[in-house]
Amino acid sequence: MSNLEELTLYLSIQRTESTHIDGDHLYNEIFIHMPQLKKFIFSINTLVINQNIRINLPSNNDIQRSIIERGYQQIASYTHKNSIEEKSTCHIYSLPYQFDRFYNMNCHLQGGIFDKVQIVMMTERDHPFEQEFFQLVSNCFPFLRKLTISSYQPQKRKQQLCPIITFPYLHCLILRSANVDYADQFLNDTKIHLPCLLELRITYESLVMITYNFTNDTTRLTCARLRTLTIYGSYVRPENFHTYFPLCNM
Numbered sequence: 000m001s002n003l004e005e006l007t008l009y010l011s012i013q014r015t016e017s018t019h020i021d022g023d024h025l026y027n028e029i030f031i032h033m034p035q036l037k038k039f040i041f042s043i044n045t046l047v048i049n050q051n052i053r054i055n056l057p058s059n060n061d062i063q064r065s066i067i068e069r070g071y072q073q074i075a076s077y078t079h080k081n082s083i084e085e086k087s088t089c090h091i092y093s094l095p096y097q098f099d100r101f102y103n104m105n106c107h108l109q110g111g112i113f114d115k116v117q118i119v120m121m122t123e124r125d126h127p128f129e130q131e132f133f134q135l136v137s138n139c140f141p142f143l144r145k146l147t148i149s150s151y152q153p154q155k156r157k158q159q160l161c162p163i164i165t166f167p168y169l170h171c172l173i174l175r176s177a178n179v180d181y182a183d184q185f186l187n188d189t190k191i192h193l194p195c196l197l198e199l200r201i202t203y204e205s206l207v208m209i210t211y212n213f214t215n216d217t218t219r220l221t222c223a224r225l226r227t228l229t230i231y232g233s234y235v236r237p238e239n240f241h242t243y244f245p246l247c248n249m
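Rendered as structure tokens:
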């Protein structure tokens, strides 16, 4: 290992009564043992749970500075603390981003171009994902194929008029643990255009609400293109169900 010149790490870590992974951790656990290391590609998600102890967590700027001071200039990071649950998340990664998936994204993403990423999982407990954030996601992840949204926070600016957002390659959309506002935004073709969407996973309650019991014309076009539909919750299909999803395999 001491002669290793290149290292690629993709990690998700949960720590208790501790702090986030930063440049000092990377140096003490990795760099000091690999003096020949010349190329380090990484994506590290850290979830810290401190319920029984008070620890001053480093700021996002502190974390970035600690890595840059160790000689790695091309990096990005974002942090978020949930004070109610005593949980904090941090994502640090090298640039340009080299992985095909981006997990645990929240509203603190600053931007960038992630042209290798095809799978994204968005998770947020404190703040809603507003329409302008989805525009940012569309710009940052131009080749996105699979998107999971996990947030029960309702949108606050859903009546705001915005240009139509396009996800040109999105193939699969998962909304099992999402507020109905996100289903309304993504399946409404006056808000988001999904020309390649073939698979949808959603609760029956949300599906009925945003399609107005399968009569809404603004969601009909997107739904009519679906090939695979996974519905969570008990239901009885109404008579007009198959005309609304003519190509679906259930």
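Residues 0 to 249 (numbering that gives the first Met the number 0) are what the sequence shown spells out, left to right.
Cβ coordinates follow ideal geometry from the N, Cα and C atoms, glycine included.
Range covered by the alpha helix (DSSP H) that runs through residue i
{"i": "Asn138", "result": "Gln130 to Cys139"}
{"i": "Ser205", "result": "Tyr203 to Ile209"}
{"i": "Thr218", "result": "Asp216 to Ala223"}
{"i": "His241", "result": "Phe240 to Tyr243"}
For residue i, the first and last residue of its enclosing beta strand (DSSP E)
{"i": "Ala177", "result": "That residue, Ala177, is in no beta strand (DSSP E); it is neither H nor E in DSSP."}
{"i": "Ser87", "result": "Lys86 to Ser93"}
{"i": "Ile118", "result": "Ile118 to Thr122"}
{"i": "Ile230", "result": "Thr227 to Tyr231"}
Proximal residues to residue i (C-beta, below 6 Å), its chain only, five neighbours per side dropped
{"i": "Gln134", "result": "Ile164"}
{"i": "Lys41", "result": "Note on residue identity: the sequence assigns Phe, not Lys, to residue 41. These residues qualify, in order along the chain: Leu8 and Ser93."}
{"i": "Phe39", "result": "Leu6"}
Cβ distance (whole Å) where residue i is taken to contact residue j below 8 Å
{"i": "Asn178", "j": "Ser150", "result": "6 Å"}
{"i": "Thr217", "j": "Thr242", "result": "16 Å between Cβ atoms; not a contact."}
{"i": "Ser93", "j": "Asp21", "result": "Not a contact, Cβ separation roughly 14 Å."}
{"i": "Tyr168", "j": "Phe98", "result": "Incorrect: roughly 17 Å between the Cβ atoms, too far for contact."}
{"i": "Leu143", "j": "Leu172", "result": "Incorrect: roughly 10 Å between the Cβ atoms, too far for contact."}
{"i": "Thr78", "j": "Asn103", "result": "Actually they are not in contact, since the Cβ atoms of Thr78 and Asn103 sit about 12 Å apart, beyond 8 Å."}
{"i": "Tyr203", "j": "Tyr181", "result": "Going by Cβ atoms, the distance from Tyr203 to Tyr181 rounds to 16 Å, so no, they are not a contact pair."}
{"i": "Ser137", "j": "Phe166", "result": "6 Å"}
Simplified DSSP assignment, three categories, for residue i
{"i": "Phe213", "result": "coil"}
{"i": "Ile52", "result": "coil"}
{"i": "Phe185", "result": "helix"}
{"i": "Arg100", "result": "strand"}
{"i": "Tyr151", "result": "coil"}
{"i": "Glu28", "result": "helix"}
{"i": "Ser17", "result": "coil"}
{"i": "Ser58", "result": "coil"}
{"i": "Arg156", "result": "coil"}
{"i": "Ser42", "result": "strand"}
{"i": "Ile74", "result": "strand"}
{"i": "Ile163", "result": "coil"}
{"i": "Ile12", "result": "strand"}
{"i": "Arg200", "result": "strand"}
{"i": "Ile67", "result": "helix"}
Beta-carbon proximity list for residue i, same chain, < 7 Å, skipping 5 on both sides
{"i": "Pro245", "result": "Ala223"}
{"i": "Gln50", "result": "Glu85"}
Buried or exposed by the 16-neighbour rule on C-beta atoms within 10 Å, applied to residue i
{"i": "Leu146", "result": "buried"}
{"i": "Pro194", "result": "exposed"}
{"i": "Thr88", "result": "buried"}
{"i": "Pro127", "result": "buried"}
{"i": "Thr214", "result": "exposed"}
{"i": "His19", "result": "buried"}
{"i": "His32", "result": "exposed"}
{"i": "Glu123", "result": "buried"}
{"i": "Thr15", "result": "exposed"}
{"i": "Leu160", "result": "exposed"}
{"i": "Val235", "result": "exposed"}
{"i": "Asn81", "result": "exposed"}
Residue i at chain D interface by Cβ criterion, 7 Å
{"i": "Cys247", "result": "Within the model displayed, chain D is absent; a lone protein chain is all it includes."}
Cβ-based neighbour list, residue i, same chain, cut-off 8 Å, excluding 5 preceding and 5 following
{"i": "Leu36", "result": "Leu3, Glu4, Glu5, Leu6, Ile29 and Phe30"}
{"i": "Glu68", "result": "Gly22"}
{"i": "Gly111", "result": "Ala75, Leu94, Tyr96 and Cys139"}
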